[in-house]
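J.:
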Amino acid sequence: MLVTDELQEEGVYTVQKGDTLYSIAKKYNTTVDKIMRMNNLNTNMLSVGQKLIIPEDISLNTYVVKRGDTLYSIARDNNTTVNAIKIANNLTSDILSIGQELIIPN
0 MLVTDELQEE GVYTVQKGDT LYSIAKKYNT TVDKIMRMNN LNTNMLSVGQ KLIIPEDISL
60 NTYVVKRGDT LYSIARDNNT TVNAIKIANN LTSDILSIGQ ELIIPN
C-alpha cells in the first residue's frame, strides 16, 4: 500500500488546491483512467477536499456479474471483502445487476 502523508486513510487521497487527476496519477505511479474508474468519475473536474481511492498498483481486476452472484460470493472467490468491493465501486446497496462490471480490489 502507498504510504505518504497525503494518504490519510488506507489508499484514500484528499484532493488539495491545484491538484489535477494527472498530477495525482503521476505522484502515485498510476493512470488518470485507473483513478477515474476506481472512483466512478465521469469528468476530470475535482473539488478541494474530495476523497479519491488510489489504486494499489497499476492493474485493476474486474469481474462481470453473473446470475446468482452476490457481493459475498464474489468477495469470497476473489479473496477480498464485501466492504472493499462496495468502496471500490461506490456501491450503496448490495443489489447487483447481471452484466454489471465490478472493480475487484487487491
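Numbering (numbering that gives the first Met the number 0), first residue to last: 0 to 105. Don't be surprised by glycine CBs; every beta carbon is placed ideally from N, CA and C.
1. Tell me the rounded alpha-carbon separation between I57 and K33.
2. Buried or exposed: which applies to T108, given that a residue is buried once 16 or more other Cβ atoms fall within 10 Å of its Cβ?
3. Can you give me the C-alpha to C-alpha distance between T79 and K25, rounded to a whole angstrom?
4. Within the stretch 64–105, note down every full beta strand (DSSP E) run reaching 3 residues or more, in order along the chain.
5. So what does DSSP say about I34, is it helix, strand or coil?
6. How would you label L44, buried or exposed, when you count the other beta carbons within 10 angstroms and need 16 or more for buried?
7. Please go through the same chain and pick out, in chain order, the residues whose beta-carbon is closer than 7 Å to the beta-carbon of S46, but skip the five residues on each side of it.
8. By DSSP, does L40 sit in helix, in strand, or in coil?
9. Quick check on I23: buried or exposed, where buried means 16 or more other Cβ atoms within 10 Å of its Cβ?
10. Using only CA atoms, which one of I102, G17, K16 lies nearest to T61?
11. DSSP three-state label for I57, please.
T.: According to the structure shown:
1. Sequence index remark: in the sequence shown, residue 57 carries index 58 (1-based). Sequence index remark: in the sequence shown, residue 33 carries index 34 (1-based). With a pLDDT of only 45 at I57, under 50, the local geometry of the prediction cannot be trusted, and the value read off the model is given with reservation. Roughly 8 Å separates the two Cα atoms.
2. No answer is possible for residue 108: the residues shown for the chain start at 0 and end at 105.
3. Numbered from 1 along the sequence shown, position 80 holds the residue referred to as residue 79. Numbered from 1 along the sequence shown, position 26 holds the residue referred to as residue 25. Taking the straight line joining both Cα atoms gives about 27 Å.
4. 100–103
5. One-based indexing of the sequence shown puts residue 34 at position 35. Here I34 sits in helix by DSSP.
6. As a first step, residue 44 is located in the sequence shown; it is residue number 45 there, counting from the start. One point to set straight first is that residue 44 is Met, not Leu, in the sequence displayed. Per the 10 Å Cβ criterion, exposed.
7. The sequence position of residue 46 within the sequence shown is 47, counting from 1. Once the five neighbours on either side are set aside, the close Cβ partners of S46 are V14.
8. Taking the sequence shown and counting its residues from 1, the one referred to as residue 40 is at position 41. Of the three classes helix, strand and coil, the one that applies to L40 here is coil, per DSSP.
9. As a working note, residue 23 is residue 24 in the sequence shown. That one is buried.
10. Position 62 of the sequence shown, counting from 1, holds the residue named residue 61. It is I102 whose Cα lies nearest to the Cα of T61.
11. Translated into the one-based positions of the sequence shown, residue 57 becomes position 58. The pLDDT assigned to I57 is 45, lower than 50, so where the model puts this residue is not dependable, and the model offers no usable value.
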